[in-house]
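*Asks:* Residue numbers (our numbering): 10 to 495.
Don't be surprised by glycine CBs; every beta carbon is placed ideally from N, CA and C.
Fair warning: this is a prediction, and the values are worked out from it, not measured in the lab.
Here is the structure:
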């Protein structure tokens, strides 16, 4: 399963092995205190001599990345930032040989997503492949809004506190196409959707408040809310929306202040909120007096007339956030908040305290793409490409013995492979493939046979071959799922 070291590389086998382990340690794919394979095991895995492994481990020792424990082996070094003050170092128990050496948590996978381990698209990533993006359109829009004497006013001054007025007008018109009636005064620009979620949360919440979240859901949102000191309350998410009975029970027990949810092409299941569930959620929000923060980041990949809470509620208890990172480019961090009028000033104040203002150049370029219909045409092309890619993925999944736990649609598939997918993460990474295991998407960590795949990035038959091999290897070892159930 491990990608072999190459003898025709400019680096020696030792240097290649050092680089491989160093990358995993620095990206926290090997956690502090976790045990490295024995010299013999490592040599067999990577197809090198024990002398090569010893030399590599010596270099990792010299770099301060690992440490040697007499008669116990080599361990990832516990950095100062991970050692609690006045706490003596304790010996780390070696993990079960058939279990992963370290669990994959939210920040680990996120860091891996920012650093692709290979040149081919990664099934675990949450973005479209670069080849699907229209760089020429973006470049032309930038040139248009900065040509002649237009550049200096955009670069010599801060932007408007609420965001560029042209951009906010364009977003308001676009939201109208989704059925959400707003005006530019209700739109606040942000540095992407994650920033939008953060600004709204900081406006409405205080440490200790209870916040409802979809489960499964996006790991970075769980981690962000927990870091803010919130009490995160997971609500099971089904094909039609949240479990209404659980939602009602949690509301009665905890008096939540906010519900963070994705109604359209939910991440990771790609489910769509049904109209019946939507009305019940709004009824509960009214009865228990909480706001709803609706993340609509996949709006431009969604089917027409998808049900949105903010449309039904007309921005009374709901706040909608969105971004262009999924459809245009992840590097243009331009997002927006559509808020009730009575919350706008508070949200702008929070934005100013966290980031001051947002870059007007990118906002005007995006406004141009919206105004001239370029974004609409690009979205239509991407949706057509996704339909083709999804059909191929379904065929490859069936041939690989996998099935989908939710209706395949949108960018992501919620796929069942039959074994704890967290156990596949490192073997697949060794083979050159980043995956997103199901455990990553639960607010309270639990083993899962599910994983999220990106339909656009899962077209390579080599990925599916590697997945089948990793699953077969995992099936021959004791089941993590059965162990955790005991």
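#1: To the nearest angstrom, how far is it from the Cα of residue 182 to the Cα of residue 437?
#2: Using C-beta distances below 7 Å, list every residue in its chain close to residue 403, excluding the 5 sequence neighbours before and after it, in chain order.
#3: Checking 8 Å against the spacing of the C-beta atoms, do residue 202 and residue 322 come in under that value?
#4: According to DSSP, which residues form a beta bridge with residue 220?
#5: Give me the Cα-Cα distance between residue 42 and residue 83, rounded to the nearest whole angstrom.
#6: Hey, is residue 63's beta-carbon within less than 8 Å of any beta-carbon in chain B?
#7: So, helix, strand or coil for residue 197, using DSSP?
#8: Have a look at 268, 352, 197 and flag the residue whose alpha-carbon is nearest the alpha-carbon of residue 219.
#9: In this structure, how does DSSP classify residue 290 when only helix, strand and coil are distinguished?
#10: In the DSSP assignment, find the unbroken beta strand (DSSP E) run with residue 423 in it and report its ends.
#11: On a Cα-Cα basis, can you pick out the residue from 146, 236, 15, 60 that is closest to residue 336?
#12: Quick one: is the Cβ of residue 472 within less than 7 Å of any heavy atom of the ligand ATP?
#13: Grouping DSSP H, G and I as helix and E and B as strand, with all else coil, what is residue 329?
#14: Would residue 214 and residue 266 be called neighbours here (beta carbons separated by less than 8 Å)?
#15: Would you tell me roughly how many angstroms separate the C-alpha atoms of residue 190 and residue 428, rounded to the nearest one?
#16: With DSSP collapsed to three states, give me the class of residue 306.
#17: Could you give the distance in angstroms between the alpha-carbon of residue 412 and the alpha-carbon of residue 406?
#18: Strictly by DSSP, which residues pair up with residue 76?
#19: Go ahead and pull the three-state DSSP assignment for residue 251.
#20: Identify, in the order they occur along the chain, each residue of the same chain with its Cβ nearer than 6 Å to the Cβ of residue 376, setting aside the five sequence neighbours on each side.
#21: Which residue comes first and which comes last in the alpha helix (DSSP H) that contains residue 437?
#22: Should the segment 457–477 be called in touch with the segment 382–402, which here means at least 3 C-beta pairs below 8 Å?
#23: Whose C-beta lies closer than 8 Å to the C-beta of residue 408 among residues of the same chain, with five residues either side of it excluded?
#24: Secondary structure at residue 459, three-state DSSP: helix, strand or coil?
#25: If you follow the alpha helix (DSSP H) that residue 148 is part of, which residue opens it and which one closes it?
#26: Going by the CB atoms, is the gap between residue 255 and residue 315 shorter than 8 Å?
#27: Could you check where the alpha helix (DSSP H) with residue 392 kicks off and where it finishes?
#28: Assuming residue 331 and residue 308 are in contact, meaning their beta carbons sit under 8 Å apart, how far apart are those beta carbons, in whole angstroms?
#29: Helix, strand or coil: which one does DSSP assign to residue 103?
#30: If you run the structure through DSSP and keep just helix, strand and coil, what is residue 30?
#31: Quick one: what's got a C-beta closer than 8 Å to residue 222's C-beta in the same chain, skipping five residues either side?
*Replies:* Inspection of the coordinates gives the following:
#1: In the chain shown, counting from the first residue as 1, residue 182 sits at position 173. In the chain shown, counting from the first residue as 1, residue 437 sits at position 428. Spanning the two alpha carbons is a distance of roughly 44 Å.
#2: The sequence position of residue 403 within the chain shown is 394, counting from 1. If we look at residue 403 and ignore the five residues flanking it on each side, its Cβ neighbours are 417.
#3: In the chain shown, residue 202 corresponds to position 193, counting from 1. In the chain shown, residue 322 corresponds to position 313, counting from 1. No, the Cβ-Cβ distance between residue 202 and residue 322 is not below 8 Å.
#4: To locate residue 220, count along the chain shown from 1; it is residue 211. Residue 220 is bridged to 241, 267.
#5: The residue given as residue 42 occupies position 33 in the chain shown. The residue given as residue 83 occupies position 74 in the chain shown. The straight-line gap from Cα to Cα measures roughly 9 Å.
#6: The structure shown has no chain B; it contains just one protein chain.
#7: Locating residue 197 in the chain shown gives position 188, counting from the first residue. In this structure, residue 197 counts as strand in the three-state DSSP scheme.
#8: If you number the chain shown from 1, residue 219 lands on position 210. With distances taken between Cα atoms, residue 219 lies closest to 268.
#9: By one-based count along the chain shown, residue 290 stands at place 281. Looking at residue 290 - three-state DSSP - the assignment turns out to be helix.
#10: Residue numbering aside, residue 423 sits at position 414 when the chain shown is read from its first letter. 421–425 is the extent of the beta strand (DSSP E) around residue 423.
#11: In the chain shown, residue 336 corresponds to position 327, counting from 1. Nearest C-alpha to residue 336: 146.
#12: In terms of ligand content, the structure shown is empty, and the ligand ATP therefore cannot be addressed.
#13: The residue given as residue 329 occupies position 320 in the chain shown. Here residue 329 sits in strand by DSSP.
#14: For the purposes of this step, residue 214 is taken as the residue at position 205 of the chain shown. For the purposes of this step, residue 266 is taken as the residue at position 257 of the chain shown. Going by C-beta atoms, residue 214 is nearer than 8 Å to residue 266.
#15: Reading the chain shown from its first residue, position 181 is the one you call residue 190. Reading the chain shown from its first residue, position 419 is the one you call residue 428. Using only the alpha carbons, I get a separation of about 46 Å.
#16: Numbered from 1 along the chain shown, position 297 holds the residue referred to as residue 306. Of the three classes helix, strand and coil, the one that applies to residue 306 here is coil, per DSSP.
#17: The residue you call residue 412 lines up with position 403 of the chain shown. The residue you call residue 406 lines up with position 397 of the chain shown. So the alpha carbons of these two residues sit roughly 6 Å apart.
#18: Position 67 of the chain shown holds residue 76. Answer by DSSP bridge pairing, in chain order: 84.
#19: Locating residue 251 in the chain shown gives position 242, counting from the first residue. The answer is strand: DSSP assigns residue 251 an E or B state.
#20: By one-based count along the chain shown, residue 376 stands at place 367. Only 175, 176, 179 meet the Cβ criterion.
#21: Position 428 of the chain shown, counted from the first residue, corresponds to residue 437. Per DSSP, residue 437 belongs to the alpha helix (DSSP H) from 434–439.
#22: yes
#23: Working through the chain shown from its first residue, we reach residue 408 at position 399. Cβ within range, chain order: 473.
#24: Counted from its first residue, the chain shown places residue 459 at position 450. DSSP places residue 459 in strand when its eight states are reduced to three.
#25: Residue 148 sits at position 139 when you count from the first residue of the chain shown. Residue 148 -> alpha helix (DSSP H) spans 144–155.
#26: Counted from its first residue, the chain shown places residue 315 at position 306. Counted from its first residue, the chain shown places residue 255 at position 246. For residue 315 and residue 255, no; Cβs fall outside 8 Å.
#27: Residue mapping note: residue 392 aligns to position 383 of the chain shown, counting from 1. Segment 383–408, the alpha helix (DSSP H) holding residue 392.
#28: Looking up residue 331 in the chain shown gives position 322. Looking up residue 308 in the chain shown gives position 299. With 8 Å as the limit, residue 331 and residue 308 qualify as a contact, their Cβ atoms being about 6 Å apart.
#29: As a working note, residue 103 is residue 94 in the chain shown. With a pLDDT of 36 at residue 103, under the threshold of 50, the modelled position of this residue cannot be trusted; read the value that follows with caution. Three-state DSSP puts residue 103 in coil, outside helix and strand.
#30: Locating residue 30 in the chain shown gives position 21, counting from the first residue. Helix at residue 30.
#31: Residue numbering aside, residue 222 sits at position 213 when the chain shown is read from its first letter. Contacts found: 230, 231, 234, 241, 242, 243, 244, 268, 269, 270, 452.
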